[in-house]
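Peer 1: Next up is a structure, given as structure tokens.
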Amino acid sequence: MAADQDEIERKYDVGSEVVFPDLSAVSGVGSVGQPEEFQLEATYFDTPALDLARRGLTLRRRTGGTDEGWHLKLPRSGDSRTEVHEPLSDADDGVPAPLRARVRALVRDRPLVPVAEVRTARREYALRDGAGHVLARVCDDQVQATRLADVQDSAGSSRSEAAQSWREWELELDGGAEDLLDLVEEHLLAAGASPAASASKLSRTLGDVGRDAGAKPSAKELRKGTAGELLLAHLAEHIARLHAQDAAVRTGEAEGVHQLRIAARRLRSALATGRPLLDRQTTDPVRDELRWLGEVFAPARDAQVLREHLSEELAEQPADLVVGPVASRIDDQLSAAFQSGRERALESLDSARYLRLLDALDELVESPPFTEEADAPAKKAVRRLLARDVKRLRREVRAIEAAEDSTERDHAFHEARKKAKRLRYAAEMATPALGQRARSLAKAAKKIQTALGEHQDSVVARQRLRELAMQAHLDRVNAFTYGRLHALEQARAERVEADFDDRWRTFRHKQLHRWTGKRA
195 MAADQDEIER KYDVGSEVVF PDLSAVSGVG SVGQPEEFQL EATYFDTPAL
245 DLARRGLTLR RRTGGTDEGW HLKLPRSGDS RTEVHEPLSD ADDGVPAPLR
295 ARVRALVRDR PLVPVAEVRT ARREYALRDG AGHVLARVCD DQVQATRLAD
345 VQDSAGSSRS EAAQSWREWE LELDGGAEDL LDLVEEHLLA AGASPAASAS
395 KLSRTLGDVG RDAGAKPSAK ELRKGTAGEL LLAHLAEHIA RLHAQDAAVR
445 TGEAEGVHQL RIAARRLRSA LATGRPLLDR QTTDPVRDEL RWLGEVFAPA
495 RDAQVLREHL SEELAEQPAD LVVGPVASRI DDQLSAAFQS GRERALESLD
545 SARYLRLLDA LDELVESPPF TEEADAPAKK AVRRLLARDV KRLRREVRAI
595 EAAEDSTERD HAFHEARKKA KRLRYAAEMA TPALGQRARS LAKAAKKIQT
645 ALGEHQDSVV ARQRLRELAM QAHLDRVNAF TYGRLHALEQ ARAERVEADF
695 DDRWRTFRHK QLHRWTGKRA
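Right under this line is the structure:
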């Protein structure tokens, strides 16, 4: 079973003539253990186009040392990065399935092949405190590395290179406080080391592979940039989140289904709000596919939410009003619905349709189909986009007011909820350009969305409770409690509608004129 751990480390380049320093003089270090020697052999895997390396991930099979096995290292954040470990198996069947699942959204249907071999002669020193507890480990590594054939460089050309060799020091925290890194580093630099020019042995072996995701633009850059740059940064951020939640779903994380659906919804919403900035012939099909993805994940998420809500509501009822095996029937049916929905969702993640959607999203970021309007200053353009979304929300609220029956009214509430969510997402996207004005709009839209979302949840709950009651009746089981829960949901909807009216009045008073120039 895959095990995750966070490692905090720094690397240093050092010449062959440099003498390893006495680190017992470091403040807080009581002693330095005798060096342990290891012979490490690692084979690194990636696609021929180095899709993992371009995104800052490394995947290797290593023998020797205390942690031999398969290792997947996720992108670095400062000195820290997460490492996922899988043990070696008796039969070497290639990359273990749990690690393949973690990178499936990045490699898709491309093969994982050996791209580099690295052999390391390591001398490892344990730094201990006065009580003998290990604080950190410093490794003195002599490295020999070879880039294998049939992998591509940053220009897309296939090449291999002769073996490289170098020496490096690696400092990894192991129980000590993070400020120890700075204290040890002072001694390493004083001895003749320098901060490593490459982030890892693999990156040094492969050389310049190019990076698909450059440095994230700062808020200042986005505020002074174009509307297209703002939209592009937003799309890149949520494509990365989609990739991360793909792995979460595949590895069974509890919130994976929900978070992947949110990532897809945010991308679709951004493409909708940003339509004037984009060639719709290119982006509308992508929006359609994102809608399909959300619909595939909806049954699992809806069952998950409803099961939690009804279980909580049932637990609050007086015992004498819970007649029959209500809890078990609700749990059994909705758990089965969740599992069925999740299985269908997992199937979709391995479908060619989904993998081509990921390709299309990459293409949007790499070659954005911008219109001339995308060149407009972000501040000016996003104000217009937000005004359009505010007007859309107002139209849907008017449809609620004009609804002639409960069915039409429920539908109008649902449509207004979608427009409120789209407005909230758009305002959050615009925040780097517009600052507090956009944050205020996002907060107000979220309040509207929350009330409307709770209303829709009550509609779904009543539909399911009616089905449960009818099935109980057919099974000759007392259906009283389902009817009681249904009535409570109806009362909940009425409370939510009153709450929505209050929130809409506040929104209309504080936001509508600001964004549309109209009071109502």
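Residue numbers (our numbering): 195 to 714.
C-beta: ideal position from N, C-alpha, C; glycine also.
Small disclaimer: the values here were computed from a predicted structure and weren't measured.
Tell me whether the beta-carbon of valine 328 lies closer than 9 Å to the beta-carbon of leucine 321.
Peer 2: Yes, these two residues count as a Cβ contact at 9 Å.
Peer 1: Report back the beta-carbon spacing between aspartate 473 and proline 563 to the nearest angstrom; my notes put them in contact at under 8 Å.
Peer 2: Aspartate 473 to proline 563, Cβ: 4 Å. Contact.
Peer 1: Does the beta-carbon of glutamine 233 have 16 or more other beta-carbons within 10 angstroms, so that it is buried, or is it exposed?
Peer 2: Its Cβ having fewer than 16 others within 10 Å, glutamine 233 is exposed.
Peer 1: What does a CB cutoff of less than 8 Å around proline 305 pick up in its chain, not counting 5 residues either side in sequence?
Peer 2: Once the five neighbours on either side are set aside, the close Cβ partners of proline 305 are Thr241, Pro242.
Peer 1: Apart from the five residues just before and just after leucine 659, which ones in its own chain have a Cβ nearer than 6 Å to its Cβ?
Peer 2: Closer than 6 Å at the Cβ level, and outside the excluded window around leucine 659, lie Tyr676, Leu679, His680.
Peer 1: Mapping the DSSP letters down to three states, classify alanine 407 as helix, strand or coil.
Peer 2: Low confidence applies to alanine 407: its pLDDT is 47, below 50, so where it sits in the model is not reliable enough to give any reading.
Peer 1: Do leucine 424 and leucine 436 have their beta-carbon atoms positioned less than 9 Å apart in this structure?
Peer 2: Contact: no.
Peer 1: For arginine 317, which option in Thr445, Ala466, Asp334 has the closest C-alpha, if you only look at C-alpha atoms?
Peer 2: Checked all of Thr445, Ala466, Asp334; the closest Cα to arginine 317 is Asp334.
Peer 1: Select from Asp323, Gly386, Ala624 the residue whose C-alpha is nearest the C-alpha of aspartate 368.
Peer 2: The candidate whose alpha carbon is nearest that of aspartate 368 is Asp323.
Peer 1: Skipping 5 residues on each side, what residues in its chain have a beta carbon closer than 6 Å to that of arginine 481?
Peer 2: These residues qualify, in order along the chain: Arg462, Leu465.
Peer 1: Here's a check: name, in chain order, each residue in its chain whose Cβ is nearer than 8 Å to the Cβ of arginine 270, leaving out the five neighbours to either side.
Peer 2: So the list reads Gly250, Ala393, once near-sequence residues are dropped.
Peer 1: Considering only residues of the region 196 to 263, which uninterrupted alpha helix (DSSP H) runs meet the minimum length of 4 residues and lie entirely inside it, listed in chain order?
Peer 2: Counting only runs of 4 or more, we get 245 to 248.
Peer 1: Please state if the CB of tyrosine 619 and the CB of leucine 383 are separated by a distance shorter than 9 Å.
Peer 2: No. Outside cutoff.
Peer 1: Pop quiz: aspartate 245 and valine 301 are said to be a contact at Cβ under 8 Å. What is the actual Cβ separation, rounded to whole angstroms?
Peer 2: The Cβ separation is near 6 Å, so the contact holds.
Peer 1: Please report the straight-line C-alpha distance between valine 690 and glutamine 665, rounded to a whole angstrom.
Peer 2: Going by the C-alpha atoms only, they are around 29 Å apart.
Peer 1: Of the choices Pro626, Lys267, His608, Ser529, whose alpha-carbon is the least far from that of proline 571?
Peer 2: Cα-wise, what sits closest to proline 571 is Pro626.
Peer 1: Taking the beta strand (DSSP E) that aspartate 334 belongs to, which residues open and close that run?
Peer 2: From DSSP, the beta strand (DSSP E) with aspartate 334 extends over 328 to 341.
Peer 1: For leucine 487, does the count of other Cβ atoms within 10 angstroms reach 16, so buried, or fall short, so exposed?
Peer 2: Buried is the call here.
Peer 1: Report the partner residues of histidine 265 according to the DSSP bridge assignment.
Peer 2: Looking at the DSSP assignment, histidine 265 forms a beta bridge with Arg254, His279.
Peer 1: Out of Ser412, Ser221, Lys640, which one is the CA nearest neighbour of threonine 700?
Peer 2: Taking only the C-alpha atoms, the option nearest threonine 700 is Lys640.
Peer 1: With a 10 Å radius around its C-beta and 16 neighbouring C-beta atoms as the bar for buried, classify lysine 615 as buried or exposed.
Peer 2: With 16 or more Cβ atoms within 10 Å of its Cβ, lysine 615 is classed as buried.
Peer 1: What number of angstroms, rounded off, separates the C-alpha of serine 388 from the C-alpha of leucine 375?
Peer 2: Spanning the two alpha carbons is a distance of roughly 14 Å.
Peer 1: What's the C-alpha gap between valine 517 and alanine 539?
Peer 2: Cα-Cα distance, rounded: 35 Å.
Peer 1: Glycine 370 and alanine 330 - do their beta-carbons sit closer together than 9 Å?
Peer 2: Against a cut-off of 9 Å, the Cβ pair of glycine 370 and alanine 330 comes out as a contact.
Peer 1: Who pairs with tryptophan 363 in a beta bridge, going by DSSP?
Peer 2: Tryptophan 363 pairs with Tyr206, Asp334.
Peer 1: Does the beta-carbon of glycine 535 have 16 or more other beta-carbons within 10 angstroms, so that it is buried, or is it exposed?
Peer 2: With 16 or more other Cβ atoms within 10 Å, it is buried.
Peer 1: Would you mind working out which of Glu364, Thr644, Glu379 sits nearest glutamine 336, comparing C-alpha positions?
Peer 2: Nearest of Glu364, Thr644, Glu379 to glutamine 336, Cα basis: Glu364.
Peer 1: Give me the residue from Leu508, Glu483, Val499 with the minimum Cα distance to leucine 528.
Peer 2: The residue with the shortest Cα to Cα distance from leucine 528 is Val499.
Peer 1: Along the beta strand (DSSP E) that carries glutamate 311, what are the first and last residues, could you check?
Peer 2: Element bounds for glutamate 311: 307 to 322.
Peer 1: Would you mind sorting histidine 703 into buried or exposed? The rule is 16 or more other CB atoms within 10 Å of its CB.
Peer 2: Classification of histidine 703: exposed, given that the 10 Å Cβ count is below 16.
Peer 1: Can you tell me which of the three DSSP states serine 388 falls into?
Peer 2: Note: serine 388 maps to strand in three-state DSSP.
Peer 1: Following the continuous alpha helix (DSSP H) through alanine 636, name the residue where it begins and the one where it ends.
Peer 2: Run containing alanine 636: 630 to 668, per the alpha helix (DSSP H) assignment.
Peer 1: Which residue marks the beginning of the alpha helix (DSSP H) containing glutamate 447, and which one marks its end?
Peer 2: Note, glutamate 447: premise wrong, no alpha helix (DSSP H); not H, not E.
Peer 1: If you follow the alpha helix (DSSP H) that glycine 488 is in, where does it begin and where does it stop?
Peer 2: 474 to 509 is the span of the alpha helix (DSSP H), which, as asked, contains glycine 488.
Peer 1: So, for leucine 579: in the same chain, excluding its five sequence neighbours on each side, which residues have a beta-carbon less than 6 Å away from its beta-carbon?
Peer 2: Hits under 6 Å: Thr467.
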